[in-house]
Amino acid sequence: MLILISGLPGSGKTTLAKAYAAATGAAHFNSDLLRRELGLMGQYRPEDKKKVYDTLLERARAALLAGREVVVDSTFYKEAVREPFRRLAAECAAPLLWVEVKAQERTIRQRLQTPRPDSEADFAVFEKIKNEYEPIAEPHLAIWSDEKTLEEMLATMREYVAIRQMH
């Protein structure tokens with residue numbers, strides 16, 4: 186199973202992805218950590234973004250082919266970066282699930298005031314991505330991180346995954 190956790194900067198997607206992976210043993214790949222690993226912090230040219238997403242794809246593919254459940258967390262704010270993951274799921278005959286983590290803008294503003302070790306996104310980056318964000322077309326789970334505790338978010342996500350696995 187390939188689970189893509191998307192959302193704007195500061196929405197809580199990485200917090201949920203880490204919790205889900207820890208609870209289930211799923212492989213977890215995060216675009217911010219990968220950007221750091223690749224030495225691309227502060228570099229957001231199209232070719233830099235492509236390298237990050239291509240590497241996420243490669244790692245997700247390897248884990249799926251090894252029989253692992255995979256969670257990838259990134260903004261996934263453009264359809265162009267989503268489509269390769271759809272193809273990957275199809276190639277690997279893996280169910281594809283989308284989870285979109287959301288939060289009120291005032292909550293995100295507050296969260297982004299505190300520096301985060303693996304993310305460079307500040308409120309200006311949030312606003313830029315928000316303005317360019319393309320809605321997810323397919324059915325997906327939307328979770329509001331400022332309305333639920335992490336435990337509630339995790340329970341909701343696990344229930345969604347279980348239901349989708351039955352179909």
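Basically this note's numbering = 1-based index in the sequence shown + 185. Idealized CB from N, CA, C, for every residue including glycine.
Of the residues the options, the one placed nearest residue i, counting alpha carbons only
i: THR199; options: HIS352, TYR345, ARG296; result: ARG296
i: ARG349; options: ALA247, LEU281, ASN316, THR292; result: LEU281
i: TYR318; options: ARG253, THR209, LEU201, ALA265; result: ALA265
i: TYR213; options: ASN316, LYS234, TRP329, ARG246; result: For the record, residue 213 in the displayed sequence is His; it is not Tyr. Closest option to HIS213, Cα to Cα, is ARG246.
i: PHE261; options: ALA206, ASP307, GLU344, TRP283; result: TRP283
Buried/exposed call for residue i, threshold 16 Cβ in 10 Å
i: GLU323; result: exposed
i: ARG220; result: buried
i: MET351; result: exposed
i: ASP217; result: buried
i: GLY224; result: exposed
i: LEU273; result: buried
Sequence-distant residues of its chain with Cβ nearer than 8 Å to residue i (five each side left out)
i: ALA204; result: LEU335, MET338, LEU339
Within 9 Å, strictly: CB atoms of residue i and residue j
i: ALA211; j: ARG253; result: yes
i: PRO194; j: ILE314; result: yes
i: ALA202; j: LEU249; result: no
Residues of its chain near residue i, where Cβ-Cβ distance is below 6 Å and the 5 sequence neighbours each way are ignored
i: TRP329; result: LYS287
Close-in-space but distant-in-sequence residues of the same chain around residue i (CB under 7 Å, 5 per side omitted)
i: ALA327; result: GLU285, LYS287
- Query: Would you call the stretch 241-258 and the stretch 187-195 in contact, with 3 or more CB pairs under 8 Å?
  - Reply: yes
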